[in-house]
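S.K.: What the sequence shown shows, in our numbering, is residues 168 to 544, in sequence order. A virtual CB, placed ideally from N, CA and C, is assigned to each residue, including glycine. Just passing along the structure, written as structure tokens.
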Amino acid sequence: MKKILLIFLIFFALFALFPHTAYSDLDEEQKKLEGYKIELEKIKKAIKDTNINEKTAQVLLNSIYDEIDKITSNTIVIQNKINVINEEITVAENMIQQKTQDILRNEDQIKASINLSYKLTAISPMELLLTGQDPDTINQRIAYLSYISLSSKTILDKTKEERELLAQKKANLIKNKEYLDQFLSEKWKQQEVLKEEIAMQNKLIVTLGTRKIIYTQKKSKIEKEIEKEKALIEKLILEAAEASRVLETGLIWPVKGPITSYFGWRIHPIWGVREFHEGIDIAVPTNTKVLAVASGSVTYAGWMTGYGNVVIIYHGSNISTLYAHLKRFAIKKGDLVAQGQVIAYADSTGWSTGPHLHFGVYLGAKAVNPLNYLSSP
Ligand SMILES: [Zn+2]
168 MKKILLIFLI FFALFALFPH TAYSDLDEEQ KKLEGYKIEL EKIKKAIKDT
218 NINEKTAQVL LNSIYDEIDK ITSNTIVIQN KINVINEEIT VAENMIQQKT
268 QDILRNEDQI KASINLSYKL TAISPMELLL TGQDPDTINQ RIAYLSYISL
318 SSKTILDKTK EERELLAQKK ANLIKNKEYL DQFLSEKWKQ QEVLKEEIAM
368 QNKLIVTLGT RKIIYTQKKS KIEKEIEKEK ALIEKLILEA AEASRVLETG
418 LIWPVKGPIT SYFGWRIHPI WGVREFHEGI DIAVPTNTKV LAVASGSVTY
468 AGWMTGYGNV VIIYHGSNIS TLYAHLKRFA IKKGDLVAQG QVIAYADSTG
518 WSTGPHLHFG VYLGAKAVNP LNYLSSP
């Protein structure tokens, strides 16, 4: 039962000591960097595609403008043709009117000739005798009137024929004009469609521009991330190198003093139970300067039940060191510290029987014997 409780306590202690065991891992960061690089390539391609699309839209737009210009000059030509036809129609109408007048005049003349010849034939022979007129002359005059009538009839027929021809011509002109009108309205319709297309292409260009801005922002963001990631990786590599150097040269002592409790199983000085002592206790007076045993970054600086005020430093390569029962801190979480730098002052905070430094070394979450890592005092 006691054993189970102890195991539980140990697990609890480990959990409490390493609330953030996910230290930056070089492999993980390199994977992250590769991911960013792939993302960057994707965005670069998207920007390239957007540029191509933009160019295509611009080329298309220019060709549409050209087409509109062509249609415009085409409509001008057609309009001119229509104007000419209109003039021709007017000319034909005038001529028809003139022909109509000619016809009327000729018809009048025929009517008059017929009337007159009728009147002449109606003159009695007695009257002819009385007036002394020559009947032959009368007959000649009648014959002449009939000639006039006949000639007028010929002219009339010819004029009517000409008027008919003019009417046909006019009808043809109107048909041509109608055809051209239709053609013209088709051209205008085409122009309308092209204008719609221009509006669409312009909208597309605006959309592409906006997209490009977003992509570019995203790109610079990822580029920054890549730079950050590269710097982090560089730092991790340096840290790893530093850690192996640290392990080669050994850790310096955090304080100088007699060891009062060693690493391993012991009876707890306060609770009187068997427990695993995860470090060594070094007796020192209150306010003794506590030094960082190697360079690293501070991952914890605060209170911990039992340990009182605690500092944990990560040295890279999965190695951390823990300093407990401190009075006050000379650093804060996140600080980078150099080997030998003062990080805190010793005391007796937490469960402690007197002023001393509890010092622990961890590989990952596993406590190891500090004396195997510390250089000889
Ligand atoms: Zn201790």
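1) I need the straight-line Cα distance from E221 to S230, nearest angstrom please.
2) Tell whether a beta-carbon distance below 8 Å holds between L347 and K248.
3) Any residues whose CB sits closer than 6 Å to a heavy atom of ligand 1? List them in chain order?
4) Within 10 angstroms of the Cβ of G439, are there 16 or more other Cβ atoms? Answer buried if so, exposed if not.
5) Buried or exposed: which applies to S352, given that a residue is buried once 16 or more other Cβ atoms fall within 10 Å of its Cβ?
6) Within 10 angstroms of its Cβ, does N539 collect 16 or more other Cβ (buried), or is it exposed?
7) Please tell me whether Q225 and I372 are closer than 8 Å, where the distance is taken between their beta carbons.
8) Would you identify the three-state DSSP class for N454, choosing helix, strand or coil?
9) Within the continuous alpha helix (DSSP H) that includes A279, where are the two ends?
10) By the DSSP assignment, the beta strand (DSSP E) with L493 in it spans what residues?
11) Only counting the same chain, and skipping five residues up and downstream in sequence, which positions put a Cβ closer than 8 Å to that of K500?
12) DSSP three-state label for T304, please.
13) Looking at the unbroken alpha helix (DSSP H) that takes in E294, where does it start and where does it end?
14) Report yes if the C-beta distance between Y203 and I404 is below 8 Å; otherwise report no.
15) Ignore the nearest five residues each way along the sequence and tell me which others in K344's own chain have a CB closer than 8 Å to its CB.
16) Closest to L207 by C-alpha separation, out of A532, L193, Q197, E390, would be which residue?
17) Name the residue from K386, I447, R433 whose alpha carbon lies nearest to the alpha carbon of R441.
18) Cα separation between V457 and Y429?
19) Of the choices E359, T326, I486, L296, whose alpha-carbon is the least far from that of T239?
20) Just the C-alpha distance for N536 and G431, rounded to the nearest angstrom, thanks.
21) Excluding the five sequence neighbours on either side, which residues of its own chain have a C-beta within less than 7 Å of the C-beta of D269, listed in chain order?
22) Alpha carbon to alpha carbon, how far is I437 from R495? Give it in angstroms, no decimals.
23) Measuring only the C-alpha atoms, how far is G376 from Y232?
24) DSSP state of G376, grouped into three classes?
25) Which class does D502 belong to by DSSP, given the choice of helix, strand or coil?
26) Given this structure, state the Cα-to-Cα distance separating T321 from K286, to the nearest angstrom.
M.R.: The structure says:
1) 14 Å
2) At the C-beta level, L347 and K248 come within 8 Å of one another.
3) S428, H444, G446, D448, H525
4) exposed
5) exposed
6) exposed
7) yes
8) coil
9) Start and end: 193-288.
10) 486-496
11) Taken in chain order, the residues that qualify are V465, T466, Y467, A468, G469.
12) helix
13) 292-298
14) When the beta-carbon positions are compared, Y203 and I404 stay at least 8 Å from each other.
15) Only I249, I252, N253, I256 meet the Cβ criterion.
16) Put simply, of A532, L193, Q197, E390 the residue whose alpha carbon is nearest the alpha carbon of L207 is E390.
17) R433
18) Rounded to whole angstroms, V457 to Y429 spans 19 Å at the Cα level.
19) E359
20) The alpha-carbon atoms of N536 and G431 are separated by roughly 8 Å.
21) T326
22) 23 Å
23) Rounded to whole angstroms, the gap between the alpha carbons of G376 and Y232 is 21 Å.
24) helix
25) coil
26) If you draw a straight line from the Cα of T321 to the Cα of K286, it comes to about 23 Å.
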